[in-house]
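Residue numbers (full-length UniProt numbering), protein chains in the order written: chain E, 1 to 387; chain U, 1 to 93. C-beta: ideal position from N, C-alpha, C; glycine also. Presented below is the structure to which this report refers.
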Amino acid sequence: MTHTEAFFGYPRSCGRSGIRNHLLVLNCTGLTDAAARRVAAALPGTVFAGTMYGMGMVGEDAAFHTAALTGMATHPNCGAVLLIGADRTRLDQMIAACQAADRPFAALGLDDTGHDAYLLSQRAISRGAQLLRDLSAMRPEPCPISDLFLAMECGLSDPSSGLAANPLLGQVADWLVDAGGTVVLGESIEWLGTEDALARRAGSPEIGARLKRAVADRLALADAAGLDLLGTNPNAANIKAGLSTIEEKASGAVLKAGSRPIQSVLAYAAPPETTGLHLMDAPSYSPESLTGFVASGAQMVLFTTGLGNSYCSAIAPTLKVTANAGTAQKLPCQIDFDASGAFTGRSLAQLTIDLVAQVTATASGQRTFGEIMGEGAESISRFGAAI
Amino acid sequence: MTIPAYQIHPDDMVAYMLREAPRGATVATPNRTLLARADIPVFHKIALHDIAAGDTVWRGGWPIGHATRNIPAGAHVHTHNLASAYSKTRKIT
Chain E
1 MTHTEAFFGY
11 PRSCGRSGIR
21 NHLLVLNCTG
31 LTDAAARRVA
41 AALPGTVFAG
51 TMYGMGMVGE
61 DAAFHTAALT
71 GMATHPNCGA
81 VLLIGADRTR
91 LDQMIAACQA
101 ADRPFAALGL
111 DDTGHDAYLL
121 SQRAISRGAQ
131 LLRDLSAMRP
141 EPCPISDLFL
151 AMECGLSDPS
161 SGLAANPLLG
171 QVADWLVDAG
181 GTVVLGESIE
191 WLGTEDALAR
201 RAGSPEIGAR
211 LKRAVADRLA
221 LADAAGLDLL
231 GTNPNAANIK
241 AGLSTIEEKA
251 SGAVLKAGSR
261 PIQSVLAYAA
271 PPETTGLHLM
281 DAPSYSPESL
291 TGFVASGAQM
301 VLFTTGLGNS
311 YCSAIAPTLK
321 VTANAGTAQK
331 LPCQIDFDAS
341 GAFTGRSLAQ
351 LTIDLVAQVT
361 ATASGQRTFG
371 EIMGEGAESI
381 SRFGAAI
Chain U
1 MTIPAYQIHP
11 DDMVAYMLRE
21 APRGATVATP
31 NRTLLARADI
41 PVFHKIALHD
51 IAAGDTVWRG
61 GWPIGHATRN
71 IPAGAHVHTH
81 NLASAYSKTR
91 KIT
């Protein structure tokens, strides 16, 4: 076994293997947020995620929210799930999802404790301790690289992102697709100006039309809000760093997608139906963007930055890459991979070999700085008003 | 002292400074040298040719906007002279 053929992960009875074996404390309703955080804090080594919302969401907003919670509850990196919620309706939905995915879980609701949140926490801590003990008996095993599902993100970009860091991610995307794995890229507004080129790579005319419509819809959203993209995307920090227009930023950003055919345009938080390269029609702000990828099943995020960006997913280890030597030097406990050699003669091929090695090491358990420093959160996007 | 600039594609109209260039500095890409007409911060763009107002500016095979005024070779190219095709406030002056 070489490091580019396999990694040490946690096979699941359903779906892809995990690259971590978290106990996820999943807060399923906004009412129980504090109680669920209390539970996670009492059980070191757990990962906390969830929602601040609950009843009253409607239409596609409600559907995306349910999809995102389901995706997190059944995520490959979570060996077991502690479901916490106020009402049985939402809990029963998540219980069904865990059962369908054959994922060990315990579920505790306020309805069952006479609406005593403290009693809920006590019971949940006890159940969580049992689940953690079970998880601790598991050992990582060799898993095929084709089990990997990587998400590609950029945040606080500068021109070095589009010149070197994003093309490097594109090489890693091509490597993984060729190895039978799965890749997703989101941030639809950052496809702007490149839609025709992306559409030519789409697996069918319908997929091409869908990705073009996704960009047009985001642009219409900005127009309807009376927003000029200049100042929003690129934002003030991007502009100060040297990015002048959305076209300049976008044509550098989409290089993260590499060069392979586009298999589908996913809705927010939707799991891809095939391996290969997928786009997700989603907001570009990193917290919502990353949670969309994670909920769709991505086990790891490759995240390029120009100026530095500390944000990480809680569930999926988030590997930070910069090609800005100054940023790598300034942020030694944030940047996991320094790609600035691209500007001093190191070839893209050599950098790709190095980053692939780091991706497989991370998949096999090496921690990212984000994990070590305790960064990490999940934030489910909202798509409309609630009742 | 020559300051390096990074050019992606031979047809590019701009290159990216790999170090800050003070006004008057000699800037070199693999294909040419030129004089910086302004202080240009690291990773900001320098015009490789004279660019006429209204012209589309190409980089890496992609249009990245259009010149809002005449841009001489060696000038700093940024929001003061380059605008997005998607900007509602775009003006040719």
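Who pairs with residue i in a beta bridge, going by DSSP?
i        : result
E:Glu141 : E:Gly9
E:Val183 : E:Leu150 and E:Leu277
E:Ser313 : E:Ala377
E:Ser264 : E:His278
E:Ala107 : E:Leu83
U:Ile40  : U:Ala21
E:Phe48  : E:Val25
E:Gly18  : E:Tyr10
U:Trp62  : U:Arg59
E:Phe64  : Paired residues: none, contrary to the question.
E:Lys320 : E:Phe303
U:Ile51  : U:Ile71
U:Tyr86  : DSSP lists no partner for U:Tyr86.
E:Cys78  : E:His22
U:Tyr6   : U:Tyr16
Can you tell me which of the options puts its alpha carbon nearest to the alpha carbon of residue i?
i        : options                                   : result
E:Gly370 : E:Thr352, E:Gly384, E:Ile315 and E:Leu110 : E:Ile315
U:Met13  : U:Ala85, U:Asn31 and U:Pro22              : U:Asn31
E:Val298 : E:Pro317, E:Ile189 and E:Ala137           : The amino acid at residue 298 of chain E is misidentified as Val; the sequence shows Ala. Measuring from the Cα of E:Ala298, the nearest candidate turns out to be E:Pro317.
E:Leu24  : E:Leu119, E:Ala73, E:Arg38 and E:Ala63    : E:Ala73
E:Glu288 : E:Thr344, E:Pro44, E:Arg38 and E:Leu69    : E:Leu69
E:Cys143 : E:Tyr10, E:Asp102 and E:Val81             : E:Tyr10
E:Ala101 : E:Leu83, E:His75 and E:Asp116             : E:His75
E:Ala257 : E:Gly18, E:Gly226 and E:Thr194            : E:Thr194
E:Ala62  : E:Pro272, E:His278, E:Ser310 and E:Tyr268 : E:Tyr268
E:His115 : E:Met152, E:Ala96, E:Arg88 and E:Thr232   : E:Arg88
E:Lys212 : E:Ala220, E:Ala224 and E:Ala199           : E:Ala199
Of all Cβ atoms in chain U, is any one closer than 8 Å to the Cβ of residue i?
i        : result
E:Phe343 : yes
E:Ile239 : yes
E:Ser188 : no
E:Gly308 : no
E:Ile246 : yes
E:Asp217 : no
E:Gly376 : no
E:Leu221 : no
E:Asp228 : yes
E:Ser251 : yes
E:Gly193 : yes
E:Thr2   : Only weak support exists for where E:Thr2 lies, its pLDDT of 48 falling under 50; the coordinates are left without a value.
Just to confirm, is the Cβ distance from residue i to residue j under 8 Å?
i        : j        : result
E:Leu266 : E:Leu169 : no
E:Ile262 : E:Ala202 : yes
E:Ile145 : E:Glu248 : no
E:Ala86  : E:Thr29  : yes
E:Leu319 : E:Val359 : yes
E:Ser296 : E:Glu187 : no
E:Phe337 : E:Leu348 : no
E:Gly292 : E:Met300 : no
E:Ile84  : E:Ala35  : yes
E:Ile189 : E:Val215 : yes
U:Ala47  : U:Ala21  : no
U:Trp62  : E:Ser126 : no
E:Leu31  : E:Leu82  : no
Suppose the cutoff is 7 Å on Cβ atoms and the five residues either side in sequence are ignored; what does the same chain contact list for residue i look like?
i        : result
E:Leu307 : Leu156, Asp158, Ala237, Ala241 and Thr327
U:Ala83  : Gly65, His66, Thr68 and Arg90
E:Asp228 : none
U:Ile92  : Note that U:Ile92 has pLDDT 41, beneath the 50 cutoff, so the model's placement of it is unreliable and no number is given.
E:Gly376 : Cys312, Ser313, Ala314 and Gly370
E:Gly341 : Leu351
E:Ala97  : Thr70, Ala73 and Thr74
E:Leu91  : Cys28, Leu83, Gly85, Ala107 and Gly109
Apart from the five residues just before and just after residue i, which ones in its own chain have a Cβ nearer than 6 Å to its Cβ?
i        : result
E:His22  : Val47, Asn77 and Cys78
U:Arg19  : Ile3 and Val42
E:Gly276 : Val177 and Gln263
E:Thr113 : Leu119 and Leu120
E:Ala151 : Val184, Phe293, Ala298 and Val301
E:Pro234 : Leu243 and Lys249
For a cutoff of 8 Å on Cβ pairs, would you count residue i as touching chain E?
i       : result
U:His49 : no
U:Leu18 : yes
U:Arg59 : yes
U:Thr93 : Annotation note: pLDDT 39 at U:Thr93 (below 50); position unreliable, no value reported.
U:Thr2  : no
U:Pro63 : yes
U:Ala5  : no
U:His44 : yes
Under 8 Å Cβ to Cβ from residue i, same chain only, skipping five residues before and after it: list those, please.
i        : result
E:Thr352 : Leu168, Gln171, Val172 and Trp175
- Residues from the stretch 70-91 of chain U in contact with chain B, defined by Cβ distance under 8 Å: No chain B is present in this structure, whose protein chains are E and U.
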